[in-house]
Amino acid sequence: MYFVTESSARWIALAATLADLAVALPLWWLFDPQTSQMQFTEHAAWITAPPIYYSLGLDGISLPLVLMTAGIMPLCVLASWTAITTRVQSFMAMLLIMETAMVGVFVALDFVLFYVFWEAMLIPMYLLIGVWGGPNRLYAAIKFFLYTLAGSVLLLVAIFALYFYGGHTFDILALSQGTYPASLQMWLFLAFFAAFAVKVPMFPFHTWLPDAHVEAPTAGSVILASILLKMGTYGFLRFSLPMLPDASRAFTPMMVALSIAAIVYGAYMALAQVDLKKLIAYSSVSHMGFVTLGLFVLNQQGIEGAILQMVNHGITTGALFLCVGIIYERTHSRLIADNIGLASPMPQYATLLVIFALSSLGLPGTNSFVGEFLVLVGTFLWSKVATAFASLGIILAAAYILWMVQRVVFGVPSPHHLPKLKDLNDRELAMLVPLALLVFWIGLFPNPLVSKMHQSVNHTIASMSRTKVAPTAQPSASVAIPLLADSGAPPKIEELSR
Amino acid sequence: MSQYGIDLLALLPELIVVVTACLVIALDPITPASRRDLLAWLSLGALALCLGLTIGQIGQLNIRVSAFSDLVVVDAYARFWKVLLYSVTGLTILLSLPYLKAENIHLGEYYGFILLALSGMLVMVSGADLLTIYLGTELMSISLYVMTGLNRAKPRSLEAAAKYFVLGAFSSGILLYGISLLYGMAGSTKLASIATAIGTSGTDSPLLLIATGLVAVGFAFKLAAVPFHMWTPDVYQGAPTSVTAFMAVAAKSAGFAAFMRVFVEGLGGLKAEWSLLFLLIALVTLILGNVVAIVQTNIKRMLAYSSIAHAGYALIGFVAAGRAAGASGGTPGLASVMIYLALYAFMTLGAFAVIGMLRKDGVEGEEIEDFTGLAKHQPLAAFLMLVFMVSLAGIPPTAGFIGKFYVFMAAVESGLTWLAALALIFAAVSAYYYMRVVMVMYMREPDPSSVAPRLVTSPALSIVLACAVAGVILFGLFPNAIVSFALQSVLTLK
Numbered sequence: 006m007y008f009v010t011e012s013s014a015r016w017i018a019l020a021a022t023l024a025d026l027a028v029a030l031p032l033w034w035l036f037d038p039q040t041s042q043m044q045f046t047e048h049a050a051w052i053t054a055p056p057i058y059y060s061l062g063l064d065g066i067s068l069p070l071v072l073m074t075a076g077i078m079p080l081c082v083l084a085s086w087t088a089i090t091t092r093v094q095s096f097m098a099m100l101l102i103m104e105t106a107m108v109g110v111f112v113a114l115d116f117v118l119f120y121v122f123w124e125a126m127l128i129p130m131y132l133l134i135g136v137w138g139g140p141n142r143l144y145a146a147i148k149f150f151l152y153t154l155a156g157s158v159l160l161l162v163a164i165f166a167l168y169f170y171g172g173h174t175f176d177i178l179a180l181s182q183g184t185y186p187a188s189l190q191m192w193l194f195l196a197f198f199a200a201f202a203v204k205v206p207m208f209p210f211h212t213w214l215p216d217a218h219v220e221a222p223t224a225g226s227v228i229l230a231s232i233l234l235k236m237g238t239y240g241f242l243r244f245s246l247p248m249l250p251d252a253s254r255a256f257t258p259m260m261v262a263l264s265i266a267a268i269v270y271g272a273y274m275a276l277a278q279v280d281l282k283k284l285i286a287y288s289s290v291s292h293m294g295f296v297t298l299g300l301f302v303l304n305q306q307g308i309e310g311a312i313l314q315m316v317n318h319g320i321t322t323g324a325l326f327l328c329v330g331i332i333y334e335r336t337h338s339r340l341i342a343d344n345i346g347l348a349s350p351m352p353q354y355a356t357l358l359v360i361f362a363l364s365s366l367g368l369p370g371t372n373s374f375v376g377e378f379l380v381l382v383g384t385f386l387w388s389k390v391a392t393a394f395a396s397l398g399i400i401l402a403a404a405y406i407l408w409m410v411q412r413v414v415f416g417v418p419s420p421h422h423l424p425k426l427k428d429l430n431d432r433e434l435a436m437l438v439p440l441a442l443l444v445f446w447i448g449l450f451p452n453p454l455v456s457k458m459h460q461s462v463n464h465t466i467a468s469m470s471r472t473k474v475a476p477t478a479q480p481s482a483s484v485a486i487p488l489l490a491d492s493g494a495p496p497k498i499e500e501l502s503r
Numbered sequence: 048m049s050q051y052g053i054d055l056l057a058l059l060p061e062l063i064v065v066v067t068a069c070l071v072i073a074l075d076p077i078t079p080a081s082r083r084d085l086l087a088w089l090s091l092g093a094l095a096l097c098l099g100l101t102i103g104q105i106g107q108l109n110i111r112v113s114a115f116s117d118l119v120v121v122d123a124y125a126r127f128w129k130v131l132l133y134s135v136t137g138l139t140i141l142l143s144l145p146y147l148k149a150e151n152i153h154l155g156e157y158y159g160f161i162l163l164a165l166s167g168m169l170v171m172v173s174g175a176d177l178l179t180i181y182l183g184t185e186l187m188s189i190s191l192y193v194m195t196g197l198n199r200a201k202p203r204s205l206e207a208a209a210k211y212f213v214l215g216a217f218s219s220g221i222l223l224y225g226i227s228l229l230y231g232m233a234g235s236t237k238l239a240s241i242a243t244a245i246g247t248s249g250t251d252s253p254l255l256l257i258a259t260g261l262v263a264v265g266f267a268f269k270l271a272a273v274p275f276h277m278w279t280p281d282v283y284q285g286a287p288t289s290v291t292a293f294m295a296v297a298a299k300s301a302g303f304a305a306f307m308r309v310f311v312e313g314l315g316g317l318k319a320e321w322s323l324l325f326l327l328i329a330l331v332t333l334i335l336g337n338v339v340a341i342v343q344t345n346i347k348r349m350l351a352y353s354s355i356a357h358a359g360y361a362l363i364g365f366v367a368a369g370r371a372a373g374a375s376g377g378t379p380g381l382a383s384v385m386i387y388l389a390l391y392a393f394m395t396l397g398a399f400a401v402i403g404m405l406r407k408d409g410v411e412g413e414e415i416e417d418f419t420g421l422a423k424h425q426p427l428a429a430f431l432m433l434v435f436m437v438s439l440a441g442i443p444p445t446a447g448f449i450g451k452f453y454v455f456m457a458a459v460e461s462g463l464t465w466l467a468a469l470a471l472i473f474a475a476v477s478a479y480y481y482m483r484v485v486m487v488m489y490m491r492e493p494d495p496s497s498v499a500p501r502l503v504t505s506p507a508l509s510i511v512l513a514c515a516v517a518g519v520i521l522f523g524l525f526p527n528a529i530v531s532f533a534l535q536s537v538l539t540l541k
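Line by line, the protein sequences are chains A and B. Those letters in the first sequence? Residues 6 to 503, per this note's numbering, in order. Those letters in the second sequence? Residues 48 to 541, per this note's numbering, in order.
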């Protein structure tokens, strides 16, 4: 890292991330969607006492996330091409370390290995925000670091507790099939919640997000929004739901309430922002509310919608942060007031920005529509009232997005802006066009992606109904899980999207 | 082989160390100032020899060889600690070479005293009799008192030595009082006899409880446990940095080794009582150590409080051993303490090595502010300090995480889940003051008018840093070697 020049560091990083993508893409075709078993597994002994294995594997839940991670990273390198001017080699090294940790989180099949990857990305992210970030970066970086660390350490205690109750194994698949007493499940759920809820971030543990997003460099914001946030929801899906089914069912009302709070609160806060990055940050809180909502209604539509939204949010919000980064490089201001009326000087940029903005608000034809629709269908199956409140988020999203677009793209530009702003150069086009294509591809043809998730999601839901160890009180009437009670087949996703 | 022969062979490495120490002290007056390095190399050679002898001493792991009519025992448990102590002392001598020269206190007697302290520690670790352990403790402590005051030109150093001496003498007196009460109860100071006496007479004798308490207080001072920690910040700050490194790592390890042996082999019958006592001590230790470290501005003082906190974490492992059910239930807890201290040695030595070589305006840079902008001028040193700070905070994939992993796993296994959760939360709190050093190095612009921090580098220091960072990263990724070594070695501790 210290022995390469600045420009070669950029090219090496680009080559490395593209190589990663090249290795990850074939997984899409080689993946067998007919089975819920883990595929492409690797298993090696790591520590002998207690037995911890270097165990990796992919299933329908981790596949989209790994692909998204591999796809976003080259774009991050491209975004930092001219934005980062000091210590470029270290910056690129941090990006690559983070990619390792993030992919590791999604494919780890051993709980301790998962935890190591989970924590390992704290330090590179802290450095990314703290060294290359904006004016208030020190506060934002340490806030992010301490908040996330505090939640994660409780996860470690839960891992130990699960080890001793789950038969002296750290293997995630084995633990997902065990049955645990209901009281233990409650405590474990709360411990998992501490770590994952801070990461997602769920309301009211979201306060680190606006600061971190605003102060981070563009690539840092993109990584944070696209991938780090998904690690939290992935944690819920991979650990809380299969391992602690009774607690998940019992806590569903609370989780739904917090998700809806995040949707509505995030949207209202976004409406009030004058800083573009902060607006998008709060919109992230709102969108991730949809994801957690979909997860905790505990049916196929909800969970598949949630996973789809994870990918969609990664694409859309990542693209929005890239757009903000592009305009920041030109005008050196993130305030909406300083970036008015970009349609005339930068038409290509304006087009792409509008595409991503419309995707963010969930316009039919774009990717977010499919995800949000599935989530709302799932929520409707659980409770009509909750769906009504969640839909409020879509209306508010339209409000803040369209208002932002109206000012930034279609406003009347100030005269001294006009001649100076250059439209997108090739590198920036190369970053944004693939994302725009993905927006429309997933929006119009979601089935290839969604069909790969079916088996794994159904397996997760089915495993949640295994026999409990200690019979608890009957779940309350509102926590209906019609899919499991139905003897008929659930409506096919293909029929829903036609 | 006669008993006399066995006795000598059992203690051969220690004898070599003592003889070398005396040789160094004797040779010092006749060595010209420019050739004092030779004394250091002589010590290192002796250490390497003794390390080899110690490793080869035990063929099978479950033997205990008693020497000097059961005063000293040579077993795998002692061997673990001895290997650690030899390595740490060797690295400390390497680290001292450039440091002492830069500080103008390059006295040949320093190496003699380090070896004497080491020999005291070795006797502590192998002692099977309370008086032998006390003897070793005193030898170690007195050598450390002298070394603390080595920098006669700095009043802080002399003050630290005086404080250490007075408080240390007090605590040794308390320890001795406890030992004498135990002797009164058991009729012998041998650990085995004391255990037998407790077994026959029962555990509710007030004399026994008082004696246990006094012995606990005496040891708690050495381990820098709250509320017997008052000496630590002043002594760590005032002593020359290489001596601080030695104290923080070697003295603590030896203290823990002897302490575990006394309380498991000698006072094992009182498990229920002392585990509650040490639970309370561990709790206040880690809370106070972590909280007070946050407000420190001097990095050596901050590391002193962090060292107190780390003693607290190690004590949790010990408490877990005391609370564990079953005859051999204490193994994970005891092994976790050994793993923790072995890994702690690497990070601490590394951190103090970096501190020792920092010079600001020609004076040793002791304030955290002196590290400002280090990443710009000395990126490699800043990166190494980053690794050590991250490891001390316990963040994967460094060795610090592995140490905490085993300690807290032992705690959860013994039913102390709440303690593990609390300690981990305070570990997250501790990340703040470790990250503050990282922040100052990487994220603050240095004041352009001030002189850039300079580093005193030398090949010896590079070796120490290389070993430290290799230990932290490699044992963080592949801890199997140390873990299995500790698990095998702890079996001989009954």
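Every residue, glycine too, gets a C-beta built ideally from N, C-alpha and C. Nothing here was measured: the structure is a model prediction, and the numbers come from that model.
- Not a single CB atom of chain B sits nearer than 8 Å to the CB of A:Ile102.
- For A:Asp176, the three-state secondary structure derived from DSSP is strand.
- In the DSSP annotation of this structure, the continuous segment of the alpha helix (DSSP H) that includes A:Trp137 starts and ends at Leu127 to Trp137.
- Using beta-carbon distances, A:Ala49 does not count as an interface residue toward chain B, since no partner is under 8 Å.
- Taking 9 Å as the cut-off between beta carbons, none of the residues of the stretch 350-375 of chain B comes near chain A.
- Contacts with chain B (Cβ-Cβ distance below 7 Å) from the stretch 147-164 of chain A involve Ile147, Phe150, Leu151, Leu154, Ala155, Val158, Leu159, Leu161 and Val162, listed in chain order.
- Cβ neighbours of B:Ile180 within its own chain (closer than 6 Å, five residues either side excluded): Met171, Gly174 and Ala305.
- Residue state for B:Lys347 is assigned as helix, using DSSP reduced to three classes.
- Secondary structure note for B:Val290: its alpha helix (DSSP H) is the uninterrupted segment Thr288 to Phe293.
- Around A:Ala54, the beta-carbon contacts reaching into chain B at under 8 Å are Val530, Ser531 and Leu534.
- Residues of the stretch 369-380 of chain A with a C-beta atom less than 7 Å from some C-beta of chain B do not occur.
- Distance check between A:Val219 and each of A:Arg339, A:Gly299 and A:Asp176 places A:Arg339 closest, using alpha-carbon atoms only.
- Nearest in C-alpha terms to B:Cys69, of all of B:Leu333, B:Leu118, B:Ser166 and B:Ile346, is B:Ser166.
- Rounded to whole angstroms, A:Gly370 and A:Met99 show a C-alpha spacing of 36 Å.
- In terms of beta-carbon proximity, A:Leu63 stays away from the interface with chain B, with every pair separated by 8 Å or more.
- Beta-bridge pairing by DSSP links B:Lys237 to B:Asp176.
- Annotation for B:Arg203: Gly285 place their beta carbon closer than 6 Å to its own, counting only its chain and skipping 5 residues before and after.
- Between the stretch 211-230 of chain A and the stretch 159-176 of chain A there are fewer than three inter-stretch CB-CB distances shorter than 8 Å, so the stretches are not counted as touching.
- Shown here for A:Phe210: same chain residues with a beta carbon closer than 8 Å to its own, the five before and five after excluded, namely Tyr152, Gly156, Ala202 and Val203 in chain order.
- Taking C-beta atoms as the reference points, B:Gly265 and B:Ser218 count as a pair closer than 8 Å.
- DSSP places A:Gln278 outside both helix and strand once states are collapsed to three, so it counts as coil.
- Going by beta carbons, B:Gly380 and B:Gly359 fall outside the 8 Å limit.
- Taking the Cα of B:Ala216 as reference, the smallest distance to any Cα among B:Ser190, B:Tyr146 and B:Thr332 is reached at B:Ser190.
- Within chain A, Ile52 and Thr53 have C-beta atoms less than 7 Å from the C-beta of B:Asn527, given in sequence order.
- Neighbours of A:Phe201 across chain B, judged by C-beta separation under 8 Å, do not exist; the nearest C-beta is about 16 Å away.
- If you draw a straight line from the Cα of B:Ala351 to the Cα of B:Lys423, it comes to about 27 Å.
- Residues of the stretch 306-319 of chain B that bring their beta carbon within less than 8 Å of a beta carbon in chain A are absent altogether.
- Around the beta carbon of B:Pro495, a 10 Å sphere encloses fewer than 16 other beta carbons of the protein chains shown; the residue is thus reported as exposed.
- One Cα belongs to B:Met277, the other to A:Met97, and the distance between them is close to 45 Å.
- Taking 8 Å as the cut-off, the beta carbon of A:Met436 is found closer than this to the beta carbon of A:Leu80.
- Beta-bridge annotation (DSSP): B:Tyr489 is not paired with any residue.
- Leaving aside the five residues that flank B:Val130 on each side, the residues in its chain whose CB is nearer than 7 Å to its CB run, in chain order, Leu98, Thr101 and Ile102.
- At a cut-off of 8 Å between C-beta atoms, B:Val437 counts as an interface residue with respect to chain A.
- Chain-order list of chain A residues neighbouring B:Ile472: Ala155 and Val158, by C-beta distance under 7 Å.
- In chain order, Leu249, Asp251 and Ala252 place their CB closer than 7 Å to the CB of A:Gln190, counting only its own chain and leaving out the 5 sequence neighbours on each side.
- Excluding residues up to 5 positions away in sequence, Ser240 and Ala244 lie with their Cβ nearer than 8 Å to the Cβ of B:Gly234 in the same chain.
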